Each structure stands twice: as structure tokens, then as C-alpha cells.
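Written below as C-alpha cells is the structure these notes are about.
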Ligand code: GLN
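Numbering (the UniProt record's numbering), first residue to last: 25 to 478.
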């Protein structure tokens with residue numbers, strides 16, 4: 025399998041999905057897996073995976089697709105990758121992404137755009153972002169699964185754009201230790217795979233309490249694969265009316281209806297629900313995420329990691345910080361740092377950051393209420409459109425790009441699990457996904473509902 029993937033990557037169409045290949049590590053791990061075959065082999069014995077560049081991997085370049093981390097090779101392994109390796113997984117290499125996971129199209133990467141294997145005519149399409157390399161690699165069969173991270177939709181949106189499955193677990197289900205931080209109260213890692221079953225197996229290997237991440241939860245990890253019975257009789261599926269956005273394409277509306285029908289045919293009850301604060305989610309997210317990012321990214325100062333600018337005569341330490349950060353961070357990252365610094369500044373803290381936190385609490389309460397009323401899962405579209413063309417949005421107003429996350433950010437703000445499942449194609453023949461949102465810690469139920477939609 026490892027040889028087949030390495031050959032496919034070599035021969036592969038230029039998707040720019042992998043940004044560092046690790047064939048020696050892969051072959052060593054694959055040989056060890058062969059030796060372990062049978063007795064004592066883990067759930068992922070010999071399974072070749074791609075790892076998003078946001079994960080620190082020991083001795084292997086881990087740059088978060090940023091020039092500021094050029095040459096950074098961590099001396100430690102992230103908890104998620106350690107767990108995957110313990111389960112027998114093989115690492116093929118590191119995957120492209122938006123710089124520091126900021127973006128929805130993989131166009132902010134220092135390695136250049138990742139490309140969606142799906143296309144219309146000869147137009148190159150985005151695989152989505154920020155886990156664009158992960159999505160492209162899995163969709164093109166360059167690996168059997170990949171890790172992603174999701175702060176506002178970065179697993180679910182690229183999964184939808186490439187016709188694969190992606191799950192963002194409940195906040196705290198998967199350790200964040202060793203993953204480059206973007207917005208620590210929103211970040212979660214999860215698997216991106218071809219099928220729901222593969223997602224269940226991978227999530228089982230990634231999840232679990234980690235004393236090195238104080239926000240990781242000490243609760244048991246169920247057997248997610250065993251939960252895939254397909255039996256959802258009597259389950260209540262909420263359809264939130266606020267997600268029926270004005271100007272929503274008819275195709276997305278039709279896909280949503282198809283999803284409702286599939287779940288109803290399997291015996292679930294479809295219920296109209298209201299999540300009244302939905303319209304404030306995007307603005308709250310784009311205050312909270314940059315605020316946390318501006319703080320997390322303060323550590324890239326030219327002293328501790330990666331890149332340091334060349335200094336001129338008479339330059340002091342402040343010049344060094346300024347030049348290093350101006351050279352090392354791309355435009356979108358600089359924009360986020362500036363927005364974040366602004367909303368956290370003494371004069372504007374109450375007006376922006378504190379208000380966004382209050383809105384976040386209301387959004388969480390909306391979900392708590394519908395779950396308390398007996399809703400088991402919520403069905404929504406995953407994205408407002410199918411994959412758009414590379415370069416099409418790059419020069420538009422950045423807010424245009426932010427609108428892509430309209431269906432996904434609520435889940436991160438509320439800390440809930442969310443999954444994107446491919447359910448159909450649009451008129452152009454491009455994949456579309458639906459999102460299921462679950463109760464906290466109910467990834468098992470969520471995966472089972474998603475299995476019905478496959
Ligand atoms: N697109 C969103 C952003 O740019 C979400 C990114 C993510 O989930 N990492 O912030």
C-alpha cells in the first residue's frame with residue numbers, strides 16, 4: 025500500500041497536495057507494520073496517511089505552510105501523530121494547507137495553491153481550505169486518509185469541495201498538543217477520509233485524553249466503528265430554519281431536501297428547529313479567531329523558530345521583530361494579527377472581543393436548547409456552493425472569502441462535533457456535501473447518521 029501511494033504521488037497529476045515527502049520514514053514504518061502483521065497489530069497497521077503541515081512531526085519540516093517557519097523541524101511529535109503511529113499508521117509526508125490554517129481555499133500557503141482533483145473543463149478549482157492538501161490527496165487516492173484541523177470549517181469545507189468525509193470532533197476529544205495553534209478555543213483535529221467507516225477508525229486512533237493538553241477531556245473513547253449500524257429509527261433530526269440563507273442556490277436547497285428524505289426513509293423524524301443567533305456567528309468568529317491568533321502568533325519573533333530577517337547597521341531588536349514578521353507572514357496572516365490586536369486593545373476590547381464572547385455564549389445556548397428538547401442531530405448544508413475556481417476569489421474583498429464559512433463556524437463556537445458527508449453532485453458535476461451537527465461527545469451517533477447519508 026505504501027509503495028502504491030508513493031508511486032501515485034510521484035506519478036500524480038500536479039495537485040501540489042504533498043509539500044514534504046518522507047519516503048524513508050514511510051518505508052521503515054511499512055516494514056515494521058509487515059513484521060507486526062496479525063497478533064498485536066494496531067487498527068491502522070500499515071495504512072499510509074498524509075499529515076497536514078500544521079502537525080509537528082519529529083525531525084520532519086513542520087511549517088504550517090508559512091515562510092516564518094522555514095527550516096523548522098520539531099524535536100517532538102504531536103500527540104495525534106504519535107497515536108496514529110502507535111496504531112500502526114505510515115506517514116507519507118506533509119500536506120499543503122492555508123498559512124497557519126487561515127483561509128478557505130488553500131491560496132494563502134507559502135507553497136502555492138493546492139489543486140482540487142475534480143475539475144470543470146480545464147479550469148483549476150480550489151480543494152477548499154485550510155486543509156486543502158489533505159482533501160486533495162485523499163480525493164485523488166494519494167493516501168488512504170489524512171489528518172486535518174478545523175477552527176471554523178477547515179476539515180468540513182474542503183471535504184465537501186472534494187467529495188470526501190471530514191469530521192470535526194467535540195472540542196477536547198482530540199489533543200491539540202503539538203499542533204501549531206491558530207485559535208486555541210476553537211481548534212480541533214480530525215480525520216479526512218473516503219468513507220464514514222474510515223473516519224470512524226481514524227478518529228478512534230486519534231482521540232483520547234492527553235495530560236499534555238489541559239483542554240483535552242478525560243472521557244472514554246467509544247468504539248466508533250461499532251456504532252455504524254445504520255439504525256437511526258426514532259432519532260430526531262433538526263432542520264434549522266436560519267440556515268436557509270437568502271440567495272441560497274437551488275442546488276444546495278435540493279441537496280438538503282435529499283438528505284432529509286434519506287434520513288426520513290431510514291426511520292428518523294425530521295423536525296423544524298430554530299437557532300436564532302446563527303446570523304451573528306460569522307462576525308463573532310471573525311473577532312474571536314483573529315484575537316486568539318494574534319496572541320498565539322506572537323511567539324514567531326525571529327528568535328525561537330524558523331526565519332530571521334537580515335538586519336542592517338544600527339537595527340535593534342524591535343527592527344528585527346518587525347522585519348522578520350513582515351517578511352515571514354503572508355498578507356492574510358498579517359490581516360488577522362492586525363484585526364486581533366485591534367479587537368483586544370484596551371479601547372476596543374469591550375466593544376468587540378467581549379461582545380463576541382457574549383454572542384458565542386448565546387450561540388452555544390441555542391444548541392443546548394434544541395438538544396435539551398430531544399434533537400439528536402442537526403442537518404445543514406456544508407458549504408454555500410461547490411468548489412470555486414482558483415484565483416477567482418483571491419482578489420475579492422476578504423469578507424467574500426469569509427462568507428464561505430457561514431454554515432461551519434457555529435459548530436466551533438459551540439464546541440460541538442460536526443461532520444461533512446458527500447451527498448451528491450451539482451449541475452457542473454462537482455461534489456456537494458451536507459453537514460450533520462451532533463450533541464457534545466456524540467461522534468458515534470453523528471458517524472452513524474452520516475453513514476446513512478453515504
Ligand atoms: N476559513 C476559516 C478561517 O479562515 C476557518 C479556518 C479553519 O478552520 N482553520 O479562519
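Note that beta-carbon positions come from the ideal geometry of N, C-alpha and C, so glycine has one too.
Quantities reported herein were computed from a predicted structural model and do not represent experimental measurements.
Coarse secondary structure for residue i, derived from DSSP in three states
i	result
residue 410	coil
residue 399	coil
residue 278	helix
residue 444	strand
residue 143	coil
residue 327	coil
residue 358	helix
residue 115	strand
residue 194	coil
residue 287	helix
residue 388	helix
residue 431	coil
residue 334	coil
residue 42	strand
residue 94	coil
residue 212	strand
residue 459	strand
residue 372	coil
residue 48	helix
residue 422	helix
residue 260	strand
residue 164	coil
Residue i classed as buried or exposed, judged by whether at least 16 other C-beta atoms fall within 10 angstroms
i	result
residue 61	exposed
residue 370	exposed
residue 31	exposed
residue 337	exposed
residue 341	exposed
residue 485	Outside the displayed span of the chain (25 to 478) sits residue 485, for which this structure offers no information.
residue 423	exposed
residue 161	buried
residue 289	exposed
residue 215	buried
residue 253	exposed
residue 25	exposed
residue 223	buried
residue 101	buried
residue 27	exposed
residue 362	exposed
residue 316	buried
residue 451	exposed
residue 213	buried
residue 384	buried
residue 250	exposed
Beta-carbon spacing of residue i, residue j below 7 Å
i	j	result
residue 246	residue 168	no
residue 308	residue 434	no
residue 77	residue 88	yes
residue 280	residue 237	no
residue 314	residue 364	yes
residue 262	residue 311	no
residue 36	residue 166	yes
residue 148	residue 414	yes
residue 187	residue 179	no
residue 38	residue 193	no
residue 198	residue 220	no
residue 103	residue 234	yes
residue 203	residue 443	no
residue 394	residue 256	no
residue 70	residue 50	no
Residue from the options whose Cα sits closest to the Cα of residue i
i	options	result
residue 479	107, 114, 110 and 70	Only positions 25 to 478 of the chain appear in the structure, and residue 479 is not among them; the question remains open.
residue 349	321, 367 and 336	321
residue 357	64, 127, 52 and 268	127
residue 108	74, 146 and 466	74
residue 266	427, 424, 404 and 206	404
residue 94	42, 329, 186 and 175	329
residue 460	331, 445, 203 and 121	445
residue 195	416, 232, 287 and 427	232
residue 132	50, 106 and 359	359
residue 399	65, 258 and 146	258
residue 354	125, 478, 48 and 34	125
residue 377	319, 367, 391 and 155	367
residue 184	462, 436, 473 and 428	428
residue 41	57, 103 and 122	122
residue 449	351, 142 and 210	142
residue 447	301, 325, 157 and 276	276
residue 110	333, 158, 458 and 57	57
residue 176	324, 425 and 278	425
Short CB-CB distance (under 7 Å) between residue i and chain C
i	result
residue 397	Going by chain labels, chain C is absent from the structure shown, which holds only one protein chain.
Closer than 6 Å: residue i CB and nearest the ligand COA heavy atom
i	result
residue 362	In the structure shown, the ligand COA is absent; the only ligands present are the ligand GLN.
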